[in-house]
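Trainee: Chains as they are written, first to last, in my numbering: chain H, 25 to 250; chain D, 25 to 250.
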DNA sequence: AAGTGGTCTAGACCACTCG
DNA sequence: GAGTGGTCTAGACCACTTG
């Protein structure tokens, strides 16, 4: 952050470049939960942009839920941010599908385990490999509807690609913009496949996911509400 | 909107006064779903504010989920409210999982097809067997986030069982009440399994699912909003 | 008093959509 | 080409918080 890191020739907006810089500092732990991020004035001076642009960067952090602002005090790294990271770690296919909504659920357990042989088989894991274990109650209008136990391998990947013409139009992004492709098949207990889903996600809305899919470690051991 | 309605002496921000005016017009039906709200330029002229202030009013509408903006086209009233009405028609295994939330999505296609060989393989279907094909756009805050294509075999079954003591307590139902068990594994495109989920659903809240899984016909050919 | 975020202005250039 | 939203500037005044 000491040096100007902005590329003014780039098509990437300045506020977005600043946002990414700050996100990286937060992820890396350089700015911790509860601590202030640089103020609007400080950012505008350091980065050589107008205060409105610095402000837009900070507001975008707030909209992501990563930070919150307090009049007269500053802008601080949100505690909820970690929870959202989790949601995105856990999100993948499932949690991503409901983004923008507020699925109500309570986490009963969230830990890193060495899965049972049955689960390991299902996930094609060797006996030693670890997985996240997540046990949740899901609510519908405050009525508990479902108990869900999820296992996710610690190493997990999403497939990156570029948007086709049709995808670009539907998602209102430019053609050849980055997207993620997910494909999956859902099975019943008896092994019978019941659902085949292919999904295309906007790359610009899922960057955290792609990062987390590569490391995915920061989440272990916490028990947030999803 | 013809007259200046803003109170510049008020402590209420101008952008907020404009937002409230627009919200009232949307609620009253003066501006209907899918129709454009006044553009930034038009608002700034009519209301006698700078374009940035008009813009802030429109963005606040978007953040509320009431409207969405399209570059080069305009800002339009979101159909979020309408989408809720049709949600439950399509509650297969997936949709049920997000009950209690308000997943916004639009159905582009929903029909009964004879799937391609690739999909048939994934679902273990014989070449002649049919599947439902469901194509949707999913929204997050009125931003299209994902295109999703789902194939579901016409004959689909959920595994019925009775609730264990723990399940009964968590779901607040009586012991031995009917429940459904789902188990599934999610895969990436390369066939790598990334998620293993076992779920227990309340039987009394999932009748739609059980109905659809048995006949699966009532929904065929319809093109509702989910 | 100094620093912060909240609001606001009056311009500007751009990429995009559409007729 | 006209209209739209997206970004950006270089200022400004305000209310608020803290030392």
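Heads up, the beta-carbon is just placed ideally off N, CA and C, and yes, glycines get one too. Remember, predicted model here, so these are calculated numbers, not experimental data.
1) What three-state label does DSSP hand residue 55 of chain H in the structure shown?
2) Across the stretch 66 to 73 of chain D and the stretch 83 to 95 of chain D, are there enough close Cβ pairs to call them in contact, namely three or more that are closer than 8 Å?
3) Do you know offhand how far residue 77 of chain H's Cα is from residue 55 of chain D's?
4) For residue 32 of chain D and residue 38 of chain D, what's the separation of their Cα atoms in angstroms?
5) Quick one: give me the first and last residue of the alpha helix (DSSP H) that residue 84 of chain H is part of.
6) CA-CA distance, residue 62 of chain D and residue 140 of chain H?
7) Smallest Cα separation from residue 41 of chain D: which of D/79, D/57, D/65, D/151?
8) Using the three-state DSSP reduction, which class does residue 68 of chain D fall into: helix, strand or coil?
9) To the nearest whole angstrom, what separates the beta carbons of residue 59 of chain H and residue 101 of chain H, a pair I think is in contact under 8 Å?
10) Specify the secondary structure class of residue 101 of chain H as computed by DSSP and reduced to three states.
11) On the criterion of 16 or more Cβ atoms from any shown chain inside 10 Å, does residue 93 of chain D qualify as buried, or is it exposed?
12) Mind reading off the beta-carbon distance from residue 29 of chain D to residue 45 of chain D? Whole number of angstroms is fine, and I expect it under 8 Å.
13) Using the DSSP secondary-structure output, state which residues sit across from residue 93 of chain H in a beta bridge.
14) Rounded to whole angstroms, what's the CA-CA distance from residue 96 of chain H to residue 64 of chain H? Just pull it up for me.
15) Given residue 74 of chain D, which residues of its chain have a CB within under 8 Å of its CB, disregarding the five upstream and five downstream residues?
16) Can you give me the Cβ contacts of residue 49 of chain D inside the same chain, cut-off strictly under 6 Å, excluding the 5 residues immediately before and after it?
17) Please classify residue 35 of chain D as buried or exposed, where buried requires at least 16 neighbouring CB atoms within 10 angstroms.
Mentor: With the given structure in hand:
1) Numbered from 1 along the first chain, position 31 holds the residue referred to as residue 55 of chain H. In the structure shown, residue 55 of chain H sits in coil (DSSP, three-state: anything other than H, G, I, E or B).
2) no
3) Counting from one through the first chain, the residue named residue 77 of chain H turns up at place 53. Counting from one through the second chain, the residue named residue 55 of chain D turns up at place 31. Cα-Cα distance, rounded: 32 Å.
4) The residue you call residue 32 of chain D lines up with position 8 of the second chain. The residue you call residue 38 of chain D lines up with position 14 of the second chain. The alpha-carbon atoms of residue 32 of chain D and residue 38 of chain D are separated by roughly 7 Å.
5) Translated into positions along the first chain, residue 84 of chain H becomes position 60. Here the alpha helix (DSSP H) through residue 84 of chain H covers 75 to 88.
6) For the purposes of this step, residue 62 of chain D is taken as residue 38 along the second chain, with counting starting at 1. For the purposes of this step, residue 140 of chain H is taken as residue 116 along the first chain, with counting starting at 1. Those two C-alpha atoms are separated by around 59 Å.
7) Taking the second chain and counting its residues from 1, the one referred to as residue 41 of chain D is at position 17. Nearest C-alpha to residue 41 of chain D: D/79.
8) What you label residue 68 of chain D is simply residue 44 of the second chain in a count that begins at 1. Three-state DSSP puts residue 68 of chain D in a helix.
9) The sequence position of residue 59 of chain H within the first chain is 35, counting from 1. The sequence position of residue 101 of chain H within the first chain is 77, counting from 1. Right, the Cβ-Cβ distance comes to about 6 Å (below 8 Å), so this counts as a contact.
10) Working through the first chain from its first residue, we reach residue 101 of chain H at position 77. In this structure, residue 101 of chain H counts as strand in the three-state DSSP scheme.
11) The residue labelled residue 93 of chain D in the question sits at position 69 within the second chain. With 16 or more Cβ atoms within 10 Å of its Cβ, residue 93 of chain D is classed as buried.
12) In the second chain, residue 29 of chain D corresponds to position 5, counting from 1. In the second chain, residue 45 of chain D corresponds to position 21, counting from 1. Yes, they are in contact, since the Cβ atoms of residue 29 of chain D and residue 45 of chain D sit about 6 Å apart, within 8 Å.
13) By one-based count along the first chain, residue 93 of chain H stands at place 69. In the DSSP output, where bridge partners are listed per residue, residue 93 of chain H has H/99.
14) Locating residue 96 of chain H in the first chain gives position 72, where the first residue counts as 1. Locating residue 64 of chain H in the first chain gives position 40, where the first residue counts as 1. Each residue's alpha carbon lies about 12 Å from the other.
15) Mapped onto the second chain, residue 74 of chain D falls at position 50. So the list reads 68, once near-sequence residues are dropped.
16) Within the second chain, numbered from 1, the residue matching residue 49 of chain D stands at position 25. Result list for residue 49 of chain D: 55, in chain order.
17) Stepping through the second chain from its first residue, residue 35 of chain D is reached at position 11. Under this definition residue 35 of chain D is an exposed residue.
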